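Structure first, commentary second.
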Amino acid sequence: MPATAPTLDHLRASLDSIGQGHVLAFWNDLGDAERGALLAQLAGLDLGGVPALVAEYVTARPDPRLPAEIRPAPYYPNDPAASFRPWDRGHFRAVGEHLLRGGKVACFTVAGGQGTRLGYDGPKGCYPAGAVTGKSLFQFFAEAIRKTGQKYGATPAWYIMTSPLNHGPTVAFFEEHSYFGLGRDGVRFFPQGVMPSFDMKTGRMLLAGRGEIATNPDGHGGSLTALKVSGALADMAGRGVEHISYFQVDNPIVRVADPVFLGLHAAAPDSSGEMSSKMLAKAYPEEKLGMFCVADGKLQVIEYSDLPMERQRERLPDGRLRFLAGSPAIHAMSVAFVEKVTGDPRFALPYHRAEKKVPCVDPETGAAIKPDAPNGVKLERFVFDAIPLAQHSIVYEADRIEEFAPIKNAAGVDSPESSRKIQTERAARWLEASGVAVPRGAGGEAGCTIELSPLTGIGPEDLVGCGVTIARGASVAI
Ligand code: UTP
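In terms of numbering that gives the first Met the number 0, the sequence shown is residues 0 to 477.
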């Protein structure tokens with residue numbers, strides 16, 4: 000739709016007044032469709048808020064505002080007999096299983112990220128993650144959800160947050176794979192919001208093309224608002240769902256609906272049942288995981304880049320790291336909690352600033368720029384910033400090998416290769432527990448590659464009586 004002259008003049012004046020007039024630099028070269036698209040993009044942005052955002056996050060680097068007193072967060076240890084905090088795993092498992100049987104739990108995958116570190120051409124959920132079959136991340140989750148349904152008699156509905164940049168290919172992938180047996184009604188997709196990407200030096204919005212502002216998804220923290228505005232939250236309530244099992248798209252062995260965690264979340268005496276988290280014991284102080292802390296009387300996650308390294312190196316008398324509880328970004332939230340926070344007109348999680356390489360066009364010449372160093376600032380919201388909005392929030396320790404094999408980087412730490420090793424190690428553990436001999440090397444490492452389909456097992460108990468034979472050097476999918 001072409002702009003009428005007065006509208007365009009008005010828009011130009013308001014963009015000029017906030018230092019963003021360059022967005023219309025190529026207006027005269029654009030066709031009607033491009034003009035319409037640009038106007039629609041501008042209409043979807045909170046232009047009035049741009050100057051404050053630029054001043055706070057783009058042209059300045061905000062100092063981390065650390066609370067005065069920060070303590071490590073208490074947590075439920077993975078070993079329920081641990082002397083510092085014994086607890087009744089069986090009881091909370093039963094509570095979680097009851098929720099699952101009653102269809103009160105939905106699975107929620109945030110899959111709107113750009114996956115730039117992995118460098119995969121397509122939505123990250125389509126990445127071939129299986130150690131043997133190369134099955135996709137999405138297929139792992141779908142199978143785990145189906146198995147959950149088989150075990151508890153109710154298949155959790157699955158909600159997937161995409162972004163406007165990967166929504167179409169994500170839905171097409173599910174169509175192509177017949178929704179992995181879950182049926183169209185079992186999976187619901189909705190896109191998250193976007194933010195403009197800014198020029199790091201000038202604070203001007205970068206242009207992706209002559210008639211397009213460069214944007215980035217607004218972070219996994221955008222998921223709460225997206226759940227609400229997309230109608231997904233109302234859909235959950237309509238299906239009788241009370242709790243949301245939240246996980247990221249990059250971890251093929253995640254427990255998509257862990258009954259013990261859900262039970263603790265819903266019924267632990269120190270939980271308000273609103274938002275809960277899993278933690279992983281940091282392997283070493285420098286490990287890049289946000290840490291669960293208590294500050295200002297509230298549980299919260301402090302980013303590894305914000306807590307001074309000497310504090311991250313502090314140890315308890317028994318040698319354990321004092322700030323041990325790292326965040327793998329696995330949460331449980333109640334539908335009522337998301338309704339409550341998103342229903343508040345003042346609800347706004349803070350932004351986090353990331354410097355990135357953003358391909359763009361030069362606003363003076365229109366020439367394409369492919370930066371080889373970060374030129375842009377992306378602003379994102381993080382879901383863990385919602386934790387302090389819960390009245391009482393608990394943390395439960397997960398075991399790395401049991402449930403954390405993320406694929407973030409193309410090589411090295413958290414890569415497809417490290418994920419394949421953990422997938423194998425977890426399967427080996429479960430098989431050995433059920434009496435299957437797994438060939439191992441002198442250092443104890445598995446001498447084979449094993450991929451376990453979640454349809455075969457989502458917990459060690461599912462492998463009891465599983466009679467397989469695994470030869471040294473074999474690649475086996477079970
Ligand atoms: P990451 O922090 O790994 O970001 O996201 P990313 O964008 O996927 O990858 P890089 O940093 O560009 O390499 C953690 C999880 O949060 C989701 C991702 O899809 C992933 O599941 N996410 C991230 C969103 O859904 N939306 C976002 O805006 C950002």
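Just so you know, even glycine gets a beta-carbon here, dropped at the ideal spot from N, CA and C.
Bear in mind that the values here come from a model prediction, so they are computed numbers and not experimental data.
*Considering only residues of the same chain and omitting the five flanking positions on each side of residue 456, which have a CB-CB separation below 8 Å?*
The count along the sequence shown starts at 1 and reaches residue 456 at position 457. 146, 429, 462, 465, listed in sequence order.
*Which value, in whole angstroms, describes the spacing of the CA atoms of residue 160 and residue 169?*
Here residue 160 refers to the residue found at position 161 of the sequence shown. Here residue 169 refers to the residue found at position 170 of the sequence shown. C-alpha separation (whole angstroms): 10 Å.
*Are the CB atoms of residue 270 and residue 393 nearer to each other than 7 Å?*
For the purposes of this step, residue 270 is identified with residue 271 of the sequence shown, where counting begins at 1. For the purposes of this step, residue 393 is identified with residue 394 of the sequence shown, where counting begins at 1. Result yes, Cβ atoms of residue 270 and residue 393 sit closer than 7 Å.
*In chain order, what residues place their C-beta within less than 5 Å of a heavy atom belonging to ligand 1?*
The set of residues with a C-beta under 5 Å from any non-hydrogen atom of ligand 1 comprises 109, 110, 111, 112, 113, 114, 115, 116, 216, 218, 219, 247, 248, given in chain order.
*Could you please give the first and the last residue of the uninterrupted beta strand (DSSP E) stretch that includes residue 208?*
By one-based count along the sequence shown, residue 208 stands at place 209. Looking at the DSSP string, the run of the beta strand (DSSP E) that includes residue 208 is 206 to 208.
*Grouping DSSP H, G and I as helix and E and B as strand, with all else coil, what is residue 144?*
Your numbering for residue 144 matches position 145 in the sequence shown. Per DSSP, reduced to three states, the secondary structure at residue 144 is helical.
*From residue 176 to residue 410, what distance separates their C-alpha atoms?*
Here residue 176 corresponds to residue number 177 of the sequence shown, with the count starting at 1. Here residue 410 corresponds to residue number 411 of the sequence shown, with the count starting at 1. About 28 Å.
_Supposed contact pair residue 185 and residue 224 - C-beta distance, whole angstroms, cut 8 Å_ = Here the question's residue 224 lines up with position 225 in the sequence shown. Here the question's residue 185 lines up with position 186 in the sequence shown. With a Cβ gap of about 24 Å, residue 224 and residue 185 do not count as contacting.
_My output table needs one value for residue 26: the three-state DSSP class, helix, strand or coil._
Translated into positions along the sequence shown, residue 26 becomes position 27. The answer is helix: DSSP assigns residue 26 an H, G or I state.
*Measuring CB to CB, does residue 327 end up less than 7 Å from residue 403?*
By one-based count along the sequence shown, residue 327 stands at place 328. By one-based count along the sequence shown, residue 403 stands at place 404. For residue 327 and residue 403, yes; Cβs fall inside 7 Å.
*Would you kindly work out how many angstroms separate the C-alpha atoms of residue 398 and residue 279, rounded to a whole number?*
Translated into positions along the sequence shown, residue 398 becomes position 399. Translated into positions along the sequence shown, residue 279 becomes position 280. Each residue's alpha carbon lies about 7 Å from the other.
*Tell me whether residue 27 is buried or exposed, calling it buried when 16 or more other Cβ atoms sit within 10 Å of its Cβ.*
What you label residue 27 is simply residue 28 of the sequence shown in a count that begins at 1. The residue is exposed, with fewer than 16 neighbouring Cβ atoms inside 10 Å.
*Residues near residue 208 in its chain [Cβ-Cβ closer than 7 Å; skip 5 each side]*: What you label residue 208 is simply residue 209 of the sequence shown in a count that begins at 1. Excluding residues up to 5 positions away in sequence, 360 lie with their Cβ nearer than 7 Å to the Cβ of residue 208 in the same chain.
*Which residue's Cα is closest to the Cα of residue 268: 372, 470, 365, 90?*
Counting from one through the sequence shown, the residue named residue 268 turns up at place 269. A check of alpha carbon separations from residue 268 across 372, 470, 365, 90 identifies 90 as the nearest.
*When 53, 86, 248 are compared against residue 141, the one with the closest alpha-carbon*: Along the sequence shown, read from residue 1 onward, the residue named residue 141 stands at position 142. The option with the nearest alpha carbon to residue 141 is 248.
*Under 8 Å by Cβ, that's how I've got residue 210 and residue 37 pegged, so tell me the actual separation to the nearest angstrom.*
Here residue 210 corresponds to residue number 211 of the sequence shown, with the count starting at 1. Here residue 37 corresponds to residue number 38 of the sequence shown, with the count starting at 1. Rounded to the nearest angstrom, the Cβ distance from residue 210 to residue 37 is 5 Å, consistent with a contact under 8 Å.
*asked:* Let's test the definition: count the other Cβ atoms within 10 Å of the Cβ of residue 450 and tell me whether it reaches 16, buried, or not, exposed.
replied: Residue mapping note: residue 450 aligns to position 451 of the sequence shown, counting from 1. With 16 or more Cβ atoms within 10 Å of its Cβ, residue 450 is classed as buried.
*Apply the 10 Å Cβ neighbour rule to residue 315 and answer buried if 16 or more other Cβ atoms are within range, or exposed otherwise.*
Along the sequence shown, read from residue 1 onward, the residue named residue 315 stands at position 316. By the neighbour-count rule (16 or more Cβ atoms within 10 Å), residue 315 is not buried but exposed.
*Between residue 216 and residue 136, is the Cβ-Cβ spacing less than 7 Å?*
By one-based count along the sequence shown, residue 216 stands at place 217. By one-based count along the sequence shown, residue 136 stands at place 137. In this structure, residue 136 does not lie closer than 7 Å to residue 216 by Cβ.
*Indicate whether the contact test is met: 3 or more Cβ pairs, each with one atom in the segment 80 to 94 and one in the segment 121 to 133, closer than 8 Å.*
With the cut-off at 8 Å, the segment 80 to 94 and the segment 121 to 133 do not touch.
*Closer than 8 Å by C-beta to residue 61: which residues in its own chain qualify, once you throw out the five before and the five after it? Chain order, please.*
Taking the first residue of the sequence shown as 1, we reach residue 61 at position 62. Cβ within range, chain order: 55, 352.
_For the segment 65 to 75 against the segment 294 to 301, do three or more pairs of beta-carbon atoms, one drawn from each stretch, fall closer than 8 Å, so that the two count as touching?_
Output reads yes: the segment 294 to 301 touches the segment 65 to 75.
*With DSSP run on the structure shown, which of helix, strand or coil describes residue 157?*
Against the sequence shown, residue 157 aligns to sequence position 158. If DSSP states are grouped into helix, strand and coil, residue 157 belongs with the strands.
*Report all residues from its chain with a CB closer than 6 Å to the CB of residue 162; omit the five preceding and five following residues, and keep chain order.*
The residue you call residue 162 lines up with position 163 of the sequence shown. By the criterion of a C-beta distance shorter than 6 Å, residue 162 is surrounded in its chain by 111, 190, 191, 216, once the five residues flanking it on both sides are discounted.
*Report the rounded CA-to-CA distance for residue 99 versus residue 198, giving the unit in angstroms.*
For the purposes of this step, residue 99 is taken as the residue at position 100 of the sequence shown. For the purposes of this step, residue 198 is taken as the residue at position 199 of the sequence shown. Taking the CA atoms as reference points, residue 99 sits about 47 Å from residue 198.
*asked:* Here's a check: name, in chain order, each residue in its chain whose Cβ is nearer than 8 Å to the Cβ of residue 261, leaving out the five neighbours to either side.
replied: Taking the first residue of the sequence shown as 1, we reach residue 261 at position 262. Within the same chain, residue 261 has close Cβ partners 94, 95, 98, 99, 104, 242, 244, 331.
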